[in-house]
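One structure below.
Protein chains: 2
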Amino acid sequence: MSELDLLRLIRSRVPPLGPGIVLGIGDDCAIFRPRGSREDLVFTTDMVLEDVHFRRQTHPGEIVGWRALARGLSDIAAMGAQPRFCLVSLALAPWADDAWVDAFYRGLTRLARMTGTTVAGGDLARAEKLACDVAVCGSVPRGKALRRDGARPGDAIYVSGRLGGAALGLETRSGAAWNKHATPEPRLSLGVFVRERLRATAALDLSDGLSLDLHRLCLASGAGAEIAGRDMPVFAGATIEQALHGGEDYELLFTLRPRAKVPELYEGLRLTRIGVITEGTPGLVLLDGRPLEAGGYDHFRSR
Amino acid sequence: MSELDLLRLIRSRVPPLGPGIVLGIGDDCAIFRPRGSREDLVFTTDMVLEDVHFRRQTHPGEIVGWRALARGLSDIAAMGAQPRFCLVSLALAPWADDAWVDAFYRGLTRLARMTGTTVAGGDLARAEKLACDVAVCGSVPRGKALRRDGARPGDAIYVSGRLGGAALGLETRSGAAWNKHATPEPRLSLGVFVRERLRATAALDLSDGLSLDLHRLCLASGAGAEIAGRDMPVFAGATIEQALHGGEDYELLFTLRPRAKVPELYEGLRLTRIGVITEGTPGLVLLDGRPLEAGGYDHFRSR
Numbered sequence: 005m006s007e008l009d010l011l012r013l014i015r016s017r018v019p020p021l022g023p024g025i026v027l028g029i030g031d032d033c034a035i036f037r038p039r040g041s042r043e044d045l046v047f048t049t050d051m052v053l054e055d056v057h058f059r060r061q062t063h064p065g066e067i068v069g070w071r072a073l074a075r076g077l078s079d080i081a082a083m084g085a086q087p088r089f090c091l092v093s094l095a096l097a098p099w100a101d102d103a104w105v106d107a108f109y110r111g112l113t114r115l116a117r118m119t120g121t122t123v124a125g126g127d128l129a130r131a132e133k134l135a136c137d138v139a140v141c142g143s144v145p146r147g148k149a150l151r152r153d154g155a156r157p158g159d160a161i162y163v164s165g166r167l168g169g170a171a172l173g174l175e176t177r178s179g180a181a182w183n184k185h186a187t188p189e190p191r192l193s194l195g196v197f198v199r200e201r202l203r204a205t206a207a208l209d210l211s212d213g214l215s216l217d218l219h220r221l222c223l224a225s226g227a228g229a230e231i232a233g234r235d236m237p238v239f240a241g242a243t244i245e246q247a248l249h250g251g252e253d254y255e256l257l258f259t260l261r262p263r264a265k266v267p268e269l270y271e272g273l274r275l276t277r278i279g280v281i282t283e284g285t286p287g288l289v290l291l292d293g294r295p296l297e298a299g300g301y302d303h304f305r306s307r
Numbered sequence: 005m006s007e008l009d010l011l012r013l014i015r016s017r018v019p020p021l022g023p024g025i026v027l028g029i030g031d032d033c034a035i036f037r038p039r040g041s042r043e044d045l046v047f048t049t050d051m052v053l054e055d056v057h058f059r060r061q062t063h064p065g066e067i068v069g070w071r072a073l074a075r076g077l078s079d080i081a082a083m084g085a086q087p088r089f090c091l092v093s094l095a096l097a098p099w100a101d102d103a104w105v106d107a108f109y110r111g112l113t114r115l116a117r118m119t120g121t122t123v124a125g126g127d128l129a130r131a132e133k134l135a136c137d138v139a140v141c142g143s144v145p146r147g148k149a150l151r152r153d154g155a156r157p158g159d160a161i162y163v164s165g166r167l168g169g170a171a172l173g174l175e176t177r178s179g180a181a182w183n184k185h186a187t188p189e190p191r192l193s194l195g196v197f198v199r200e201r202l203r204a205t206a207a208l209d210l211s212d213g214l215s216l217d218l219h220r221l222c223l224a225s226g227a228g229a230e231i232a233g234r235d236m237p238v239f240a241g242a243t244i245e246q247a248l249h250g251g252e253d254y255e256l257l258f259t260l261r262p263r264a265k266v267p268e269l270y271e272g273l274r275l276t277r278i279g280v281i282t283e284g285t286p287g288l289v290l291l292d293g294r295p296l297e298a299g300g301y302d303h304f305r306s307r
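Which chain is which? The protein sequence lines are A and B, in order.
Convert by adding 4 to the 1-based position in the first sequence; the result is the number in the working numbering.
Convert by adding 4 to the 1-based position in the second sequence; the result is the number in the working numbering.
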């Protein structure tokens, strides 16, 4: 089963959305509208598993903790929301001693402090391999959350920053690329800017690679996309393959009305127009006129 | 490190509570107050791990799915709240085929439907061993959530149902005791009754065993407790040891003002007075006059 097949199975099973649930399974976050509140709440949860998302020889505790929270915060950013709190579930492996646990929480809480995220609770257990799951709640003005299904033909496609750095960093384990992999910075203030000022029509965070994430945005929006290789903002030293399929860059991918005015930089971060939404086959992305395989990371693809 | 030591370490690391967070780490749920809302939201998250919380030879997928959600719903019940939605993180082991995954969601969504809980999102991955983490959100009238720190000397201590059944069921794997273990029913309507009608001073769900959970309630409330063995509502066939230390009964433990009037049965469920809160050493529980060791389940105790 691919992840999509699995999601189809899950959706066929789950009961209809209850009161207050504005958006369920399928976007970066679920959206919940508390009774009488002017704000919507958005929720996401992400696992970080030993030997799947990290290796203990490569990733010190501080980096595992930072990344465990960063994954969810990046989803919050993609909704144009601000983080409020998180819940941290942690199953400790026998090798994880007191110093490792302390480092894990040091990394996680450093990012929590920087982003105004309260660590409100969690669960603890022991297991053979270390496993962590972090749920994050964010808030956004009522009805204003950015979704992945709002892109329309003619909309311009943008990405923030430079792509492929995280994949390069995991390969070389040094320099700026390693930092990009080890301590990604969720684009929270950019998410708010893109929602409030640029009035984005859709957004997604680049967690699994541009090719797969853009495919998902197009599929949800019932549209196609055309992008140009020469416009791709490739991270210094990375290959175009890493930029297209690398994953874990945690930059924002967003679409704007054709005439939207976009600054070249936002808080020092480059914003690059890489293409346009089309009336093509839903989900189909053309790179320089040729179909681009959604080659990003999918746990459930047989390889 | 014991679980308490670990919690101490975590608390020393986490930043102060941000706006809207009424209660953080340490109770069954965290409490969040959305801006302008008449309701508080309560949040909990619980892991269910292969070979820790279940074994695949013993527990079919449907039971693992049911129990994965039941753990969180029981925490929601203990706050006197009503469930709204859940997020389901699932890491699938190689042995978990399509039929198992389908059964898992069948079990989880059966309980979700019965309790009005929307499955709003989650995360999927593959791992060596199956791991699941379910976060649940509930709602409760503003300021009314039941906590574990409100018990006062003189308050009566009550439990719902009969204790030790889940431990007996795991041992015998048959009959009513097995059902008690396999498909526990979170005491959601009782939780609301206890909060609204009985005006409980404190509550907790019996997840780790009465001896440990009552110790926790007393510690949080800065009080002691005296309970009587002869008053213990022991599940038919279970030992007093299983009733005191067994865990996973998911009944409610609650305290009431001395003169509160309590029906013997609530919706067919027995409510039993088992003792009284005292001015004794905070956290110390006396059973028939002798200190009762907190012998329930603690992942982090060295045994």
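Just so you know, even glycine gets a beta-carbon here, dropped at the ideal spot from N, CA and C.
Cβ-Cβ distances below 6 Å link K133 (chain A) to E54, A97 in the same chain, with the five nearest sequence neighbours on each side left out; the list follows chain order.
Pairing S225 (chain A) with A155 (chain A) gives a Cβ-Cβ distance under 8 Å.
Between R146 (chain A) and the set B:V26, B:R294, B:R39, B:G24, the nearest pair of CA atoms involves B:R39. Residues of chain B with a Cβ closer than 8 Å to the Cβ of L53 (chain A) are, in chain order, A95, A129, A131, A135. The beta carbons of A160 (chain A) and G76 (chain A) sit no closer together than 8 Å. Along the stretch 7–18 of chain A, going in chain order, the ones with a CB nearer than 8 Å to a CB of chain B are E7, L10, L11, L13, I14, R17, V18. Using a C-beta cut-off of 8 Å, the stretch 174–191 of chain B makes no contact with the stretch 175–194 of chain A, since fewer than three inter-stretch Cβ pairs fall below that distance. Per DSSP, Y162 (chain B) is one residue of the beta strand (DSSP E) stretching across 160–164.
Nearest CB-CB separation between G120 (chain A) and chain B: below the 8 Å threshold.
Nearest to V52 (chain A) by alpha-carbon distance, out of B:A129, B:P23, B:C33, B:L10, is B:A129. Per DSSP, the unbroken alpha helix (DSSP H) holding S16 (chain B) starts and ends at 7–17. Of the other Cβ atoms in all chains shown, 16 or more fall within 10 Å of the Cβ of T259 (chain A); this residue is therefore buried. In this chain, the beta strand (DSSP E) harbouring F89 (chain B) covers 86–96. Judged by beta-carbon spacing, F36 (chain B) lies within the 8 Å limit of I25 (chain B), meaning their Cβ atoms are closer than that value.
Leaving aside the five residues that flank R277 (chain B) on each side, the residues in its chain whose CB is nearer than 6 Å to its CB run, in chain order, A160, Y162. L167 (chain A) and A247 (chain A) do touch by the CB rule: their CB atoms are close to 4 Å apart, below 8 Å. Rounded to whole angstroms, P64 (chain B) and E66 (chain A) show a C-alpha spacing of 37 Å. Contacts between E43 (chain A) and chain B, judged by CB atoms closer than 7 Å, involve P38, R39 in chain order. For the pair E245 (chain B) and A107 (chain B), the Cα-to-Cα distance works out to about 34 Å. Take the alpha-carbon of L291 (chain B) and the one of A171 (chain B): they are about 20 Å apart. Taking C-alpha positions only, H219 (chain A) is separated from G22 (chain A) by approximately 29 Å.
Membership of G111 (chain B) in the alpha helix (DSSP H) is indicated by the continuous run 102–119.
Counting only Cβ-Cβ distances below 7 Å, R117 (chain B) has contacts in chain A at P19, in chain order. The residues L73, C90, T122, V123, in chain order, have a CB closer than 8 Å to that of A116 (chain B) in the same chain once the five nearest residues on each side in sequence are set aside. In terms of Cα proximity to M83 (chain B), the closest of B:D212, B:L208, B:A135, B:E7 is B:L208.
By the criterion of at least three beta-carbon pairs nearer than 8 Å, the stretch 225–241 of chain B is not in contact with the stretch 195–203 of chain B. Taking 8 Å as the cut-off, the Cβ atoms of R274 (chain B) and G165 (chain B) count as close. For Y254 (chain A), no chain B residue has a Cβ inside 7 Å of its Cβ, as the nearest lies near 15 Å away. According to DSSP, residue pairing for T282 (chain A) in a beta bridge involves A:G228.
Using a 10 angstroms sphere on the CB of K265 (chain B), the tally of other CB atoms stays under 16, which defines it as exposed.
In the displayed model, T259 (chain B) falls within a strand according to three-state DSSP. Minimum Cα-Cα distance from A229 (chain B) among the listed residues B:R294, B:T187, B:R151, B:R60 corresponds to B:R294.
DSSP places C222 (chain B) within a helical segment (H, G or I) once states are collapsed to three.
DSSP places I29 (chain A) outside any beta strand (DSSP E), giving it a letter other than H or E.
Among the bridge pairs identified by DSSP, Y270 (chain A) is matched with A:L273. Each residue's CA atom was taken as its position, placing T205 (chain B) and T187 (chain A) some 44 Å apart.
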